[in-house]
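Working notes for the structure below.
Quick look at the structure:
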């Protein structure tokens, strides 16, 4: 076998000798005493690949059927939203009034926090400080120390 390979390769590339180890000839799943032939191994691999593809296709088809059945049986999200629409319109009116009532209370809390000590302002985030400055009508640009100084003015 080695000599046949050497003769076949020699016209293409200069080769002095060819050596093939027994481990190179073995395929996965082949036992030297009682093993499958290479053709049998390829046929088995092709069959297992075909089985896997068939299982995937069947699973996909059943999933698609389940989705179709669920879509027909269960109401869709849009149907649920339309059913809830009158109820949400009733609850939106009081909800809009409630934030309007809370806004003056929040401004009062912000105004009460303004005369507080520097320690309170230094523990606040820049965003919170800017909110307080906006409520007080002061400029909101600058570093945190500048914002605290403006709040203390």
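Numbering (the numbering used here), first residue to last: -13 to 139.
Note that CB positions come from ideal geometry on N, CA and C, so glycine has one too.
CB contact flag (residue i, residue j, <7 Å)
i: residue 119; j: residue 126; result: yes
Residue i Cβ short of 6 Å to the ligand NAP heavy atom set
i: residue 48; result: In terms of ligand content, the structure shown is empty, and the ligand NAP therefore cannot be addressed.
Reduced DSSP secondary structure (H/G/I, E/B, other) of residue i
i: residue 140; result: There is no way to answer for residue 140, as the model of the chain reaches only from -13 to 139.
i: residue 6; result: coil
i: residue 50; result: helix
i: residue -5; result: helix
i: residue 41; result: helix
i: residue 81; result: Any reading at residue 81 must be qualified, since the residue scores a pLDDT of 48, below 50, and its modelled position is unreliable; the value itself is stated next. It is helical.
i: residue -10; result: helix
i: residue 127; result: coil
i: residue 22; result: coil
i: residue 30; result: helix
Integer Cβ distance of residue i from residue j, believed to fall under 8 Å
i: residue -12; j: residue 4; result: 5 Å
i: residue 112; j: residue 124; result: Their Cβ separation, rounded to whole angstroms, is 14 Å, which puts residue 112 and residue 124 out of contact at 8 Å.
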